[in-house]
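Here the structure is laid out as C-alpha cells; the discussion comes afterwards.
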Amino acid sequence: MSKSPREKSGPVAAREMDVLKARAINALLTQPIAMLPTKAGDPIRPFALGLWNQIRPLLRPEISGSTLRRATGAHLHSKSYHLAVAQIFSARHDIGGMPIDSVSDADRLAAAEKIEGFRKRDEARKAAAPAVGQ
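Residue 1445 is where the sequence shown starts when you use the working numbering, and the numbers rise one by one after that.
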C-alpha cells in the first residue's frame, strides 16, 4: 500500500511540464520570480497567500491580467502543485522562494482530496482506454 500525500515528506520535484508552466509565467513578467522551478528536479513551492498581489505588478504592460491568471492557474491547479501543498510539513513561499508560513491543515486536506480526484480520473481513463495490441 502506498503512502497518502499527507504521509510523504520532502519536497516535490518539478517535472519538465512544471518547468514549462513556470517558464510561461515568467515570460509574462518583467522579471522572473524565484519561487518557480527553473529545471526538472527543482522543488515545487506552494505560493504564499496573497502572492498574486506581488506578482501582478510585474506583468509586462502589453500582457493582460487574465493571461497571467490563466498561466498561474495552470501551475496552481497541477497535480505536482497539489502534491507539494499536501506534504505534511509544507510551507508557503514568498516571491523570492523563502518559506514564510505553514500550509494550513485545511489546505493540506483540500489538496489531498484534489489528488484523490486526479487518481480516480486517471484510473477511469486507463480503464476506458483499449488495451495495447487489440
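Virtual Cβ for every residue (Gly too), placed ideally from N, Cα, C.
- No residue range can be given for ARG1500, since it is assigned to no beta strand (DSSP E) and is classified by DSSP as neither H nor E.
- Beta-bridge pairing by DSSP links LEU1473 to LEU1503.
- For the pair ALA1535 and SER1546, the CB atoms are nearer than the 8 Å cut-off.
- Pairing ALA1518 with ASP1486 gives a Cβ-Cβ distance that is not under 8 Å.
- Below 8 Å, too few C-beta pairs join the stretch 1456 to 1473 and the stretch 1540 to 1556 to call them touching: fewer than three.
- For ALA1556, the enclosing alpha helix (DSSP H) starts and ends at 1549 to 1572.
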